[in-house]
Amino acid sequence: MEQGVFDLTIKSLFEKNGPDDEDFEAVLEFVNQLEPDEVDKFREAMKPILNPSTLIGFSFTKPFGYNGDFFIIEKIYQKYANPNPKYKKWDEFIHRLPVAIAVVNRKKLAKEILADLNKNSNGEPKSVLILGSGPVTEVNEYLIETPGNNLVFDMIDLDQRAIDYAKNKNKAFLKFLNFEKRNVIRYVPEKSYDLIWSAGLFDYFKDKHFVYLIKKFYQHVNTGGEMIIGNFGVQNPSRKIMEILADWFLYHRSEEELIGFAKQAGIHPTQVEILKEPLGINLFLRTRK
Ligand SMILES: C[S@@+](CC[C@H](N)C(=O)[O-])C[C@H]1O[C@@H](n2cnc3c(N)ncnc32)[C@H](O)[C@@H]1O
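In structure tokens form, the structure reads like this:
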């Protein structure tokens, strides 16, 4: 990119404290046009906002040591924007990205799956295991909306801060919730479940770990139950901006790859399907038993 265009674009964005709504497409195009050797220069120019005061900067600087912590996911759910005018428009920009909308969509999908399981429970208790449970916002909203809840939940997360946050958020519902600070790679459930759900976790795992994990956890699905595992699809239009500005790298996977993983894990093809949230960015491998 021509140096003059680069400098002018950055200068005008900072002069107005971040992109306005009408700049959204132009900023995306600018980032998508960057060549690999321009990434460092771009990040240097963006330094004033690449700090934990913005959502992008929080992801970039990783105060909790990794991307995709419960805190940033919760801020995306809440559509949080820092009120400081230096940062506000940058946070609002993030919430307009298809990837952020897809994250909010997947919470809605989770709530629908939980509501269906509860509806079909005929008043009998049903068990749910959530892997990489994070802020536990989908369950919180489901419980608020479901006075006749019959579901009981085991929540697995390796970050104690996520567990503390989720427990506090779900104070009113702790009788339905059991939290375990565990790494899903090593964790072996002591029982079987009617539903095993995971979103925002398996995209961090290599293929061989993905297959190992679904094979292990599928053994803990009750007959008549199901396991639903989320993964970003290869069609994610926000991938480049996530990687460049937020330093957020994930394994993006196609529907065929996910179905192939189920096959490698020995799950019969008739038991396998792909679910998507409305934007088709978050895919879900659904396996029934
Ligand atoms: C991106 S968040 C998703 C949270 C939640 N599932 C949601 O969709 O709102 C990922 C969560 O997985 C947790 N996590 C990451 N690696 C893990 C592992 N190996 N075992 C257990 N939890 C893990 C993180 O601490 C974080 O809370």
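The sequence shown runs 578 to 866 under the numbering used here. Where a beta carbon is used, it is the ideal one built from N, C-alpha and C, also for glycine.
Distance CB(residue i)-CB(residue j) smaller than 8 angstroms
i, j, result
"Pro625", "Thr638", "no"
"Glu715", "Lys688", "yes"
"Phe647", "Pro712", "yes"
"Gly700", "Asn727", "yes"
"Ile549", "Ser775", "A query on residue 549 cannot be resolved here, the shown segment of the chain reaching from 578 to 866 and no further."
"Gly802", "Asp824", "no"
"Phe794", "Ile773", "yes"
"Val765", "Gln841", "no"
"Gly595", "Gly777", "no"
"Leu605", "Met578", "no"
"Leu860", "Lys866", "no"
"Glu914", "Ile844", "The requested residue 914 does not occur in the structure, where the chain is confined to residues 578 to 866."
"Phe756", "Lys748", "no"
"Ile721", "Trp667", "no"
Residue from the options with nearest C-alpha to residue i
i, options, result
"Gly807", "Phe670, Ala603 and Phe838", "Phe838"
"Gly725", "Gly581, Glu767, Arg738 and Phe750", "Phe750"
"Gln848", "Trp825, Met804 and Gly857", "Met804"
"Ala679", "Ile690, Ile633, Tyr654 and Ile707", "Tyr654"
"Asp736", "Glu606, Tyr643 and Lys684", "Tyr643"
"Val681", "Leu706, Ile649 and Tyr664", "Ile649"
"Ile702", "Asp597, Asn747, Leu754 and Glu718", "For the record, residue 702 in the displayed sequence is Pro; it is not Ile. Ranking Asp597, Asn747, Leu754 and Glu718 by Cα distance to Pro702 puts Leu754 first."
"Lys558", "Glu834, Tyr719, Gly843 and Glu602", "Limits of the chain in this structure are 578 at one end and 866 at the other, which puts residue 558 out of reach."
"Asp780", "Ala739, Ile791, Leu772 and Lys758", "Ile791"
"Glu954", "Asn799, Asn745 and Lys783", "Past the edges of the chain, shown from 578 to 866, lies residue 954, and the structure says nothing about it."
"Ile821", "Arg620, Arg738 and Val765", "Arg620"
"Gly857", "Gln841, His829 and Lys840", "His829"
"Leu694", "Ser636, Phe730, Glu599 and Arg738", "Phe730"
"Leu585", "Ile721, Leu862, Glu833 and Ala622", "Ala622"
"Glu602", "Glu834, Ile818, Leu827 and Thr864", "Ile818"
"Ser704", "Met732, Arg683 and Leu686", "Met732"
"Leu827", "Phe782, Val616, Phe607 and Arg759", "Phe782"
"Asn609", "Phe583, Tyr742 and Thr864", "Phe583"
"Lys665", "Asp741, Asp784, Lys593 and Thr864", "Lys593"
"Phe591", "Arg738, Leu627, Val616 and Glu615", "Leu627"
"Tyr742", "Thr864, Ile587, Thr723 and Ser710", "Ser710"
"Lys551", "Glu834, Phe809 and Ile740", "With the chain covering 578 to 866 only, the question about residue 551 has no answer from this structure."
"His797", "Thr864, Lys758, Arg738 and Phe809", "Thr864"
"Asp614", "Gly810, Asp734 and Gln580", "Gln580"
"Pro640", "Arg738, Ile587, Val616 and Lys618", "Arg738"
"Asp734", "Asn760, Val616 and Pro846", "Asn760"
"Pro855", "Lys685, Asp597, Lys652 and Asp617", "Lys685"
"Phe607", "Asp597, Ile836 and Ile587", "Ile587"
Residue i CB to nearest heavy atom of ligand 3 below 7 angstroms
i, result
"Val616", "Ligand 3 is absent from the structure shown, which contains only ligand 1."
- Along the chain, which unbroken stretches of the beta strand (DSSP E) at least 3 residues long are found entirely within the segment 778-850? 798-809
- Note down, one range per segment and in chain order, each alpha helix (DSSP H) of at least 4 residues found wholly within the segment 609-673. 616-622, 632-638, 647-655 and 665-673
- Message: Quick check: the segment 664-677 against the segment 800-816, are at least 3 beta-carbon pairs closer than 8 angstroms?
- Response: yes
- Task: Output the residue ranges of the beta strand (DSSP E) runs that lie fully inside the segment 682-718 and measure 3 residues or longer, sorted by chain position.
- Result: 703-708
- Task: Pull every residue with its beta-carbon under 5 angstroms away from any heavy atom of ligand 1, and keep them in chain order.
- Result: Gly645, Phe647, Ile650, Gly709, Gly711, Asp734, Leu735, Asp736, Ala739, Asn760, Val761, Ala776, Gly777 and Leu778
- Taking contact to mean at least 3 C-beta pairs separated by less than 8 angstroms, is the segment 687-703 in contact with the segment 655-666? no
- Message: For a minimum of 4 consecutive residues, which ranges assigned as the alpha helix (DSSP H) are wholly contained in the segment 726-751?
- Response: 737-746
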